[in-house]
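In my numbering, the protein residues as written are 3 to 306. Since the structure comes first, as structure tokens, the remarks are kept for the end.
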């Protein structure tokens with residue numbers, strides 16, 4: 003009787019194990035839902051490069067605008083090939099997105115729901131690198147010598163927009179909710195008000211004006227600042243060549259710290275994460291241009 007009982011238990015256990023293995027194989031290899039070619043996004047919306055402790059990093063987002071509350075990445079992959087001899091970077095990505103529902107609530111109006119594919123390219127020899135995506139040239143990435151390489155982004159347009167060159171001047175970019183510059187106003191000061199200020203003071207005043215706008219209650223949490231502090235402004239002679247390259251009247255260094263509600267946007271580029279939402283010792287190269295009787299902050303190098 004006991005032998006029959008143990009035999010039945012063994013057969014039952016063996017059957018359950020066989021069923022579990024069969025279900026796993028069927029759900030993993032047979033009945034798995036595979037994306038159709040039409041459901042795979044191969045094109046890019048934006049490619050960004052920035053310098054970090056591990057060298058140059060890159061991030062690619064999928065073509066289109068997808069709300070974070072109604073879309074999510076199901077699959078994302080990519081390859082990056084750096085040709086250091088010919089100064090060329092080749093990228094390729096693939097995205098599969100799934101729709102989610104917030105019914106009866108509407109989708110949040112942002113474009114970050116598609117996710118990004120991140121690449122670590124390592125240290126690159128200072129030079130201009132051609133950036134290619136799936137066989138098409140996107141633009142040129144500038145790796146600086148003796149200076150921090152600024153954050154540089156390329157949008158999927160006929161003429162790539164490089165965000166470290168006059169990002170405030172392009173209204174289309176200012177209206178792009180995916181950009182950390184999206185809510186910024188163009189900082190400016192009259193030459194009359196600045197008549198008794200030196201270049202460091204003018205640069206500091208303009209940059210303070212830029213950051214103050216992010217304190218306003220109407221700014222979305224993604225960009226909102228609760229406080230900031232500018233610790234140093236330096237007009238360095240080593241930036242004269244950069245000022246000519248940017249076609250600005252002068253360029254300078256700004257060291258600052260910010261306290262943000264959402265760290266994702268402001269932590270990009272550089273800085274040290276502190277307590278209570280503070281990002282400390284961020285640095286940015288900024289350029290100032292005089293247009294008529296107005297001085298404008300028109301170039302941002304490294305930062306959000």
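Where is the CB? At the ideal position from N, CA and C, for every residue including glycine.
For residue i, the residue or residues it bridges with in DSSP
i, result
"residue 144", "130"
"residue 16", "None; residue 16 has no bridge partner."
"residue 73", "101"
"residue 153", "The partner list for residue 153 (beta bridge, DSSP) is empty, contrary to what the question assumes."
"residue 190", "298"
"residue 205", "Answer is none; residue 205 lacks a bridge partner."
"residue 287", "255"
"residue 95", "80"
"residue 216", "None; residue 216 has no bridge partner."
"residue 280", "261"
"residue 292", "297"
Backbone CA spacing between residue i and residue j [nearest angstrom]
i, j, result
"residue 34", "residue 121", "Unreliable positioning characterises residue 34 in this predicted model, as indicated by a pLDDT of 42, which lies under 50. The coordinate reading is nonetheless provided below. Taking the straight line from one Cα to the other gives about 28 Å."
"residue 99", "residue 47", "14 Å"
"residue 222", "residue 195", "31 Å"
"residue 234", "residue 117", "35 Å"
"residue 257", "residue 300", "17 Å"
"residue 207", "residue 53", "27 Å"
"residue 249", "residue 243", "10 Å"
"residue 210", "residue 232", "7 Å"
"residue 135", "residue 199", "46 Å"
"residue 97", "residue 140", "19 Å"
"residue 43", "residue 65", "7 Å"
"residue 307", "residue 259", "Absent from the model: residue 307. The displayed extent of the chain is 3 to 306, so no value can be given."
"residue 114", "residue 224", "11 Å"
"residue 69", "residue 75", "11 Å"
"residue 202", "residue 236", "6 Å"
"residue 189", "residue 268", "19 Å"
"residue 51", "residue 155", "6 Å"
"residue 275", "residue 265", "9 Å"
"residue 230", "residue 205", "16 Å"
"residue 298", "residue 247", "17 Å"
"residue 151", "residue 245", "15 Å"
"residue 286", "residue 255", "6 Å"
"residue 45", "residue 16", "49 Å"
"residue 280", "residue 153", "20 Å"
"residue 142", "residue 289", "20 Å"
"residue 239", "residue 108", "52 Å"
Endpoints, the beta strand (DSSP E) within which residue i is located
i, result
"residue 258", "252-262"
"residue 123", "119-124"
"residue 231", "227-236"
"residue 60", "57-64"
"residue 48", "46-54"
Cβ neighbours of residue i in the same chain (closer than 6 Å, five flanking residues each side left out)
i, result
"residue 241", "253"
"residue 144", "130"
"residue 82", "93 and 121"
"residue 227", "216, 217, 260 and 262"
"residue 95", "62, 80 and 119"
"residue 126", "58 and 145"
Status (buried if at least 16 other CB within 10 Å, exposed otherwise) for residue i
i, result
"residue 291", "buried"
"residue 18", "exposed"
"residue 220", "exposed"
"residue 20", "exposed"
"residue 272", "buried"
"residue 78", "buried"
"residue 283", "exposed"
"residue 110", "exposed"
"residue 320", "The requested residue 320 is not part of the displayed model; the chain covers only 3 to 306."
"residue 159", "exposed"
"residue 123", "buried"
"residue 87", "exposed"
"residue 181", "The pLDDT assigned to residue 181 is 45, lower than 50, so where the model puts this residue is not dependable; a value taken from the coordinates is nonetheless given after this. Its Cβ being crowded by 16 or more others within 10 Å, residue 181 is buried."
"residue 137", "exposed"
"residue 213", "buried"
"residue 23", "exposed"
Sequence-distant residues of its chain with Cβ nearer than 8 Å to residue i (five each side left out)
i, result
"residue 278", "261"
"residue 85", "91 and 92"
"residue 296", "190, 191, 192 and 193"
"residue 102", "71, 72, 73 and 74"
Span of the alpha helix (DSSP H), counted from its first residue to its last, around residue i
i, result
"residue 243", "242-248"
Same chain, Cβ closer than 7 Å to residue i, five either side skipped, listed in chain order
i, result
"residue 294", "none"
"residue 147", "128"
"residue 89", "129, 130, 131 and 132"
"residue 67", "113"
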